[in-house]
Every structure is written in structure tokens, then in C-alpha cells.
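Just so you know, the sequence shown maps onto residues 1056 to 1290 in my numbering.
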Amino acid sequence: MLAFSQGEANIWYFGQNAGLDFNSGSPVALTDGQINTLEGCAVLSNNLGQLLFYTDGIRVYNRNHQIMVNGSGLLGDPSSTHSATIVPKPGNPNLFYIFTLAASGNAPGFRYSVVDLSLDGGNGAVTSEKNVLIYAPSNEKLTVVKHPNNIDYWLVTMGYPGNTFYTHLLTASGVSSTPVVSVAGHYVTNIDFNNVIGQMKFSPSGNKLAVAHSREQVVQLFDFKTKYESNILEV
């Protein structure tokens, strides 16, 4: 998953060494990708569409398709819907967060690692901020939307079990330690864990949030009140 626009999303690597380049306006197959995963992965390019790095939530590959310095051992999972999500750190063009989620509500939970692209001669490296726990357990759902100030980001996840949404604010100071907590929608019990599987996505405007539950085969739609910091979700 990506949280950008323009050229930052022009290169895709996914699946079993698959890749696509959209820089020409039409997709061109890429065969140099190192990712071999079942589900979640993420790619970052610059605003010109030039590859910077990509990850399956376990290993981070630099622009030369080599494992980045300190770039192995992240705690995503090849069977997690959102094993990896890349988000820029507000206020610093060289720093990027990789948010990872474990599979099926397992113990590693929701974590982040920080990539500094100024390291290793511009190839980047994962810093000492690696596998930092935000909370656990969590289900496999994660989505990101720009804050109305057009600088910061809201990160939305769901706890497990239950129907509790946790919305963390990402600013130049880092990830907020105290999330906005909202209780709404379908309750996922600890015996229907297949409902931890499924996408969660914002509408382009950022004011609607769709949540898919795999086992129940239902999609729920919520209002997302981006201008407030309490009671942020409404059915």
C-alpha cells in the first residue's frame, strides 16, 4: 500500500517477483523485483517515478534490488493483508515509516520501522527505530489518509478481537502514543479470526472508510471525520 500521489506510485512490485512500471502512461512489465509474497507489500518512488525502495514487510530492498542495510527481520507477514505500508515522515524528506502488521491477529501486532534514505550513499538503511511496537494484537487492516492540515497523516487500524478502531496521528514528532478510539461496526470474535483478513480503504476525499470482513463477506461503510480528534468514526 502507498500513501502518496503523482510519481510516487508509478512503480509496483508484488506477488511472485512481479512488477509494473506506469511511468510511460501504460503498464510495462518489470522482471527485476525481489519480492515473493502472498499478500501485502509496498513500493516507494520519488515524484519523478524513480524507484527508491520496496518491501514485503519482512525484507526491505533498495533501488538496486539489494536488501537494504539493516533491512531484514521486520515483523510483517507474507499472509497479512497489509504486511507493509510506507508513509513519509512529515517535515523530513529523507525519513519514511514502514508500518507492519502480523497475520491473523498474532502477537507481533502493529509496528513500525524507519528508513533513512540519506544513509548508505543514498541507497538508504533501516535505522535503529526498527520493529517498534505500537500495540498488539491487531487485525490485518490498515489505511492512511492525509490530515486536513495537508502535512500530517491519520493511521487507522482495528484491534482484535472486537470492533475497536485505533486512529493514530503521524506528525513531525512521530506517531502519537495515544490514539483516537472508536467502537463501531461488526464485532470480530476470537473464534472467527478469518474476519481479520480483508482490506480497509479511504475514499479519495478521505471522509468515507470502507472495511471488508473476509469470513462474513460483508463490506461496511463509515463516515470519517478528519477535522476532529474524538468520536472520529460514525456508521
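Every residue, glycine too, gets a C-beta built ideally from N, C-alpha and C.
Please determine, among Gly1261, Phe1154, Asn1178 and Asn1065, the residue with the shortest C-alpha to C-alpha distance to Asn1078. Asn1065
Collapsed DSSP secondary structure at Leu1057 in the structure displayed: The predicted model places Leu1057 with a pLDDT of 49, which falls under 50 and marks its position as unreliable, so this point remains unresolved.
On the criterion of 16 or more Cβ atoms from any shown chain inside 10 Å, does Ala1158 qualify as buried, or is it exposed? buried
From what residue to what residue does the beta strand (DSSP E) around Glu1063 run? No beta strand (DSSP E) contains Glu1063, which DSSP labels as neither H nor E.
Is the CB-CB distance between His1137 and Lys1196 below 8 Å? yes
What runs of the beta strand (DSSP E), each 3 residues or longer, lie entirely inside the segment 1187-1269? 1187-1190, 1193-1201, 1208-1214, 1217-1226, 1235-1243, 1255-1257 and 1263-1268
Does DSSP put Asp1111 in a helix, in a strand, or in coil? coil
Pick from Ala1139, Thr1182, Phe1277 and Tyr1190: whose alpha carbon is nearest that of Ser1310? Residue 1310 lies beyond the residue range present for the chain, which begins at 1056 and ends at 1290; the question has no answer from this structure.
Taking the beta carbon of Thr1144 as the centre, do at least 16 other beta carbons fall within 10 Å, making it buried, or is it exposed? Sequence check: residue 1144 is Lys here, not Thr. With 16 or more Cβ atoms within 10 Å of its Cβ, Lys1144 is classed as buried.
Measuring alpha carbon to alpha carbon, tell me which residue in Leu1075, Lys1256 and Met1255 is nearest Tyr1109. Leu1075
Tell me whether Asp1175 sits in a helix, a strand or coil according to DSSP, three-state version. helix
Check Pro1148 in the structure and name its three-state DSSP category. coil
Okay, do the segment 1252-1260 and the segment 1225-1238 touch, 3+ Cβ pairs below 8 Å being the bar? no
Just to confirm, are Thr1222 and Asp1207 a CB contact at a threshold of 8 Å? no
Exposed or buried, which one is Ser1100 when buried takes at least 16 other CB atoms within 10 Å? buried
Ends of the beta strand (DSSP E) at Leu1085? Taken as a continuous stretch (DSSP letters only), Leu1085 belongs to no beta strand (DSSP E), as it is neither H nor E.
Taking the CB atoms as reference points, tell me whether Ala1041 and Ala1097 lie closer together than 8 Å. Given that the chain is displayed from residue 1056 to residue 1290, the structure contains no residue 1041 and the question cannot be resolved.
Could you please give me the residues that DSSP links to Asp1076 through a beta bridge? Ile1066 and Val1083
For Ile1153 and Ile1189, I'd like the C-alpha separation in whole angstroms. 12 Å
Would Gly1200 and Phe1151 be called neighbours here (beta carbons separated by less than 8 Å)? The question names Gly, but residue 1200 is Val in the sequence shown. Taking 8 Å as the Cβ cut-off, Val1200 and Phe1151 do not qualify as a contacting pair.
Opposite Ala1139 in the DSSP bridges: which residues? Thr1155
Less than 8 Å between the C-beta atoms of Gly1070 and Thr1092, yes or no? yes
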